[in-house]
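Numbering (the working numbering), first residue to last: 244 to 1037. All C-beta atoms, glycine included, are put in the ideal place defined by N, C-alpha and C.
Pasting the structure below:
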């Protein structure tokens, strides 16, 4: 691949003019490289340019004054987004060791005119929008364009000649990991002259390096370089005498002809850039993380080791690299209770120096030190290196942005709430335990639920330690830079988190047709403490419920609403808002349920089992909370109709019988009568098996403790003919497989002791057989120990 570019989803824009210089110098850099950044810092300090042009988004030129603001702490990123289409957004990350960042700081600190010169994002987003609106299959490259692989890195040729595995490692060793890149006069310019020469040869020799780009990508690359050349010409015309152009190394050969009066090329650039479409865009600074600078994050200009580069940048010139880095490794390992002594580190330093010497390097690199640690500390095990890679090599540092940076009002409101609630955004994942009886924790819960409604996943609910009461919530928080884009997208709903979440819910009410989905939305609105949203969803729910005749949808909406009453006392919500809605759902659902359950096949009946159980539990909870049995009585009446009916599926009839038995609505005699009727010899075996599956309801307690039920089931199984038995065995086995291991063991022991009569009396021969199983000699063995424990003399 060519030298990494800024993320290909982003692209910079125009710059303001400058004047024909006596000297224009091009500094070809690698984005986020400490070696390039250090050399560029020295070169600018020595040469003192009067104009600095940087590959970056001209749309953000107004924000460059914040570069020297004390509150802007890298890593940070410029976020450019379309005002009318917030989903179109581009990030331009910067770290303290980014050459562009050092150029920006030099320019703003010394009062030098500094601006970005890449193709504006206003143009690139307009082109992207046009492609999205009319997608076309991009033409494949012709065979005569070359025979190189699609993703070739032209630096690989130089790396191979130098004995390196790939161009990336070659560049790191010669440029980024070198402590001193001074030229003969200490001006730092020699590095960039060598880079320009190498890139010129590569671009002339390997035009196929762009084979990996699509046709649209090649066209966009041409536009970018034409725009940068135009910006250089404008700076020259503006009268600047010393112009510094900082850009990706691969672009230098394409831009350098701009220093030579070339009217034909200038005319072609003007024609190429004329009439380009534009979108209205806005820009701001946002925090970034080192983790999002890596290639693994999908960043187009990603690097492999931002934490390591940060270490190199801050390492004093005379300090020993291996000692400093491995001391950090030792501290990290000890913090995680991993054995790492001073002797380990001393041996690791010696080994890393030896490995570097064997490879012909003057100083150890990251690869040398990783191998040394794996050998001396981990005894060859590479697994613990993952901890070092995550915490040190990559690092999870999160930057900071000052509060006066331009931002959408929604982002400002969130920042204010984060500050008042002491919820600092962090790149590392952390667990937050909330006690909802505490006012601050309750407000935190409201905020996180509101953000969730807006699709901003800063936190997710997780399983907590300790109490499982309804007054506790456990959140797992992690701030990702992409959330800044989601905030911008959500800002169309309102200027505060509460208003935006309410508007978002109100909008969903217009599109949701399912009553359970609306009921779940009510629950979410109450968890987020959005009273206006609760009213809106309640009205929509009541309107839909009044016009639907689907009893299954009606009872499916009951459980989410019933949960509101459980949380109400802790969350200080007004449960009366939904009381009449819930009562109406239960009443209409109970009336229509027996009819809705008629004629269902096995699949539909099985699918209805869990919603029916959830509704039964929720209605019981609602009756307890409301201290009213009216809706519960309606529900029980529906269960009786289904249990005694002939048209509902046998699975549902058996389930309703079990619910009435467990709820105390039917005495055991009535349940036994139903069981006897359903398992009689006249009942079809498959229907009987389905009924038994519903009646057992994945719970063996009724079989273990009710002798009548046991006897009836046992007698039914014994009465089956061989052909019928083979038909029902799979169903009965499936029912018993739902029992826990301990329940199946107890059932086996119960069967082993013998069958008891339906009246619960054991036969004499069964008792005698049970008694004969007792080993009297073994039973006396623990007696001495028991006497000793109880203090009874022998």
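Sub-8 angstroms separation of residue i and residue j beta-carbons
i           : j           : result
residue 432 : residue 615 : no
residue 312 : residue 645 : yes
residue 279 : residue 418 : yes
residue 852 : residue 898 : yes
residue 805 : residue 880 : no
residue 717 : residue 698 : no
residue 887 : residue 830 : no
residue 342 : residue 488 : no
residue 827 : residue 768 : no
residue 771 : residue 693 : yes
residue 732 : residue 329 : yes
residue 973 : residue 334 : no
residue 475 : residue 267 : yes
residue 953 : residue 894 : no
residue 520 : residue 370 : yes
residue 319 : residue 649 : no
residue 677 : residue 688 : yes
residue 351 : residue 410 : no
With 16 other Cβ atoms within 10 Å as the buried cut-off, status of residue i
i            : result
residue 588  : buried
residue 584  : exposed
residue 524  : buried
residue 527  : buried
residue 483  : buried
residue 936  : buried
residue 766  : buried
residue 745  : buried
residue 390  : Here the model assigns residue 390 a pLDDT of 40, short of 50, so the residue's position is not dependable, and the following value carries that caveat. Exposed, since its Cβ has fewer than 16 Cβ neighbours within 10 Å.
residue 408  : exposed
residue 837  : buried
residue 727  : buried
residue 1029 : exposed
residue 264  : Caution is warranted here: a pLDDT of 43 is assigned to residue 264, below 50, making its placement in the model unreliable, and no coordinate value can be reported.
residue 1025 : exposed
residue 447  : exposed
residue 277  : buried
residue 492  : buried
residue 453  : Annotation note: pLDDT 48 at residue 453 (below 50); position unreliable, coordinate value reported separately. Per the 10 Å Cβ criterion, buried.
residue 442  : buried
residue 559  : exposed
residue 964  : exposed
residue 1098 : There is no way to answer for residue 1098, as the model of the chain reaches only from 244 to 1037.
residue 292  : buried
residue 331  : buried
residue 885  : buried
residue 872  : exposed
residue 1033 : exposed
residue 900  : buried
DSSP bridge partner residues for residue i (one or two, in chain order)
i           : result
residue 718 : 675 and 704
residue 490 : 271
residue 357 : 295
residue 528 : 321
residue 448 : Note: residue 448 sits in no beta bridge, so no partner.
Heavy atom of the ligand ZN within 7 angstroms of residue i beta-carbon
i           : result
residue 525 : This structure lacks the ligand ZN, and indeed carries no ligand of any kind.
- Task: Jot down the residue ranges of each uninterrupted alpha helix (DSSP H) in the stretch 253-335, minimum 4 residues, whole runs only, in chain order.
- Result: 277-290
- Task: Pair every Cβ in the stretch 488-499 with every Cβ in the stretch 590-604, then say whether three or more of these pairs are closer than 8 angstroms.
- Result: no
- Item | Every unbroken beta strand (DSSP E) inside the stretch 941-990 [3 residues or more] | none
- Task: Could you say if the stretch 739-749 and the stretch 768-785 meet the contact criterion of at least three C-beta pairs nearer than 8 angstroms?
- Result: yes
- Message: Assess contact between the stretch 336-352 and the stretch 567-576, defined as three or more Cβ pairs (one per stretch) separated by less than 8 angstroms. Is contact present?
- Response: no
- Evaluate contact between the stretch 976-989 and the stretch 927-947, counting only Cβ atoms and requiring at least three cross-stretch pairs below 8 angstroms. yes
- Message: Just to confirm the assignment: which complete alpha helix (DSSP H) runs, minimum length 4, are found wholly within the stretch 540-574?
- Response: 549-557
- Using 8 angstroms as the Cβ pair cut-off and three pairs as the minimum, do the stretch 613-627 and the stretch 641-656 touch? no
- At least three beta-carbon pairs within less than 8 angstroms, the stretch 360-378 to the stretch 507-524: yes
- Message: Count Cβ pairs between the stretch 594-601 and the stretch 529-537 that sit closer than 8 angstroms; are there 3 or more?
- Response: no
- Message: Please give me, in chain order, every unbroken run of the alpha helix (DSSP H) with length at least 4 that falls completely inside the stretch 766-791.
- Response: 774-790
- Counting pairs of Cβ atoms below 8 angstroms between the stretch 625-643 and the stretch 663-671, do you hit three or more? yes
- Query: Between the stretch 575-583 and the stretch 622-631, do three or more beta carbon pairs fall short of 8 angstroms?
  - Reply: yes
- Query: Can you list, in chain order, the stretches of the alpha helix (DSSP H) that have 4 or more residues and sit fully within the stretch 620-661?
  - Reply: 628-631
- Task: May I have a chain-ordered list of the alpha helix (DSSP H) segments no shorter than 4 residues that lie completely inside the stretch 827-909?
- Result: 845-869, 873-887 and 893-905
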